[in-house]
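Trainee: Quick one: this structure, given as structure tokens, is what I'll be asking you about.
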Amino acid sequence: MRSVLKLLAIFIALLAGFFASDIIKLFSEKTKNIDLSQYCVLSTTPCIQKGISMSLAQPTVHPLVANRLTVSWPNSEAQQLVLSLEGVEMEMGTVKYVLKKVESDKFETDIILPVCTNDSMTWVGQLSDSKTTVLPALRMER
């Protein structure tokens, strides 16, 4: 009888360990309540926030396909900008990009986002020159 209880306890421990991350998510689920009106949604049409213009080369961002992000940042003394993005609908970690200065007040980088199981996803983030921060967002579609 004792060996059956030991085997049952081991089985329950293994099962709990296997589903531990799902159980933790279930009980500590923090819903991201993102107000997209605070964000500058990127597209081929320049979006301006705090006098900073941001635009994409292609209208739609696709996973694993490069899309050029161009930023016009007047009077910036920085040689590079830092962009960090996080997924809204799904936790995909934080992706970071460095935008290099290509001309006076103009910065560029290629955005390549990871594959997601959803057909579409919103990414929100922060773009900074270490003095000023703007809030870009973009939609990714498969």
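According to this note's numbering, the sequence shown holds residues 450 to 591 in order.
All C-beta atoms in this analysis are idealised placements derived from N, C-alpha and C, irrespective of residue type, glycine included.
Owing to the predicted nature of the structure, the values given are computational and were not obtained by experimental measurement.
#1: Where are the alpha helix (DSSP H) runs, 4 residues long or more, that stay fully inside the stretch 518-556, in chain order?
#2: Since Val573 is in the beta strand (DSSP E), which residue starts that stretch and which ends it?
#3: Count the C-beta pairs between the stretch 515-529 and the stretch 571-580 that are closer than 8 angstroms, then say yes if the count reaches three, no if not.
#4: What does DSSP give as the partner residues of Cys496 in its beta bridges?
#5: Which residues in the same chain as Ser502 place their Cβ atom closer than 6 angstroms to its Cβ, once the five residues preceding and following it in sequence are excluded?
#6: Tell me the DSSP secondary structure of Leu463 in three-state form.
#7: Would you check if the distance between the CB atom of Met539 and the CB atom of Asn567 is smaller than 8 angstroms?
#8: I'd like to check one pair, Pro512 with Met541: are the Cβ atoms closer than 8 angstroms?
#9: So, Lys550 versus Val531, is the Cβ gap smaller than 8 angstroms?
#10: Pick helix, strand or coil for Asp484, following the three-state DSSP scheme.
#11: Could you give the first and the last residue of the continuous beta strand (DSSP E) run that contains Pro508?
#12: On the criterion of 16 or more Cβ atoms from any shown chain inside 10 Å, does Pro585 qualify as buried, or is it exposed?
Mentor: Concretely, from the data shown:
#1: Within the stretch 518-556, no complete alpha helix (DSSP H) run reaches 4 residues.
#2: On the sequence shown, residue 573 is found 124 positions in, with the first residue counted as 1. 569-577 is the extent of the beta strand (DSSP E) around Val573.
#3: Contact holds: three or more Cβ-Cβ distances are below 8 angstroms.
#4: Within the sequence shown, numbered from 1, the residue matching residue 496 stands at position 47. Residue pairing of Cys496 in beta bridges, as defined by DSSP: Met503.
#5: Position 53 of the sequence shown, counting from 1, holds the residue named residue 502. Within the same chain, Pro495, Ser521 come within 6 angstroms of Ser502 by CB-CB distance, once the 5 residues on both sides are set aside.
#6: As a working mapping, residue 463 is identified with position 14 in the sequence shown. DSSP places Leu463 in helix when its eight states are reduced to three.
#7: Your numbering for residue 539 matches position 90 in the sequence shown. Your numbering for residue 567 matches position 118 in the sequence shown. Their beta carbons are under 8 angstroms apart, which means Met539 touches Asn567 by this criterion.
#8: As a working note, residue 541 is residue 92 in the sequence shown. As a working note, residue 512 is residue 63 in the sequence shown. The criterion of a C-beta distance shorter than 8 angstroms is not satisfied by Met541 and Pro512.
#9: For the purposes of this step, residue 550 is taken as residue 101 along the sequence shown, with counting starting at 1. For the purposes of this step, residue 531 is taken as residue 82 along the sequence shown, with counting starting at 1. Taking the C-beta atoms as reference points, Val531 is found no nearer than 8 angstroms to Lys550.
#10: Here residue 484 refers to the residue found at position 35 of the sequence shown. Coil at Asp484, not helix or strand.
#11: Residue numbering aside, residue 508 sits at position 59 when the sequence shown is read from its first letter. Annotation for Pro508: no beta strand (DSSP E) segment contains it, and DSSP assigns it neither H nor E.
#12: If you number the sequence shown from 1, residue 585 lands on position 136. The residue in question, Pro585, is buried, as its Cβ has 16 or more Cβ neighbours within 10 Å.
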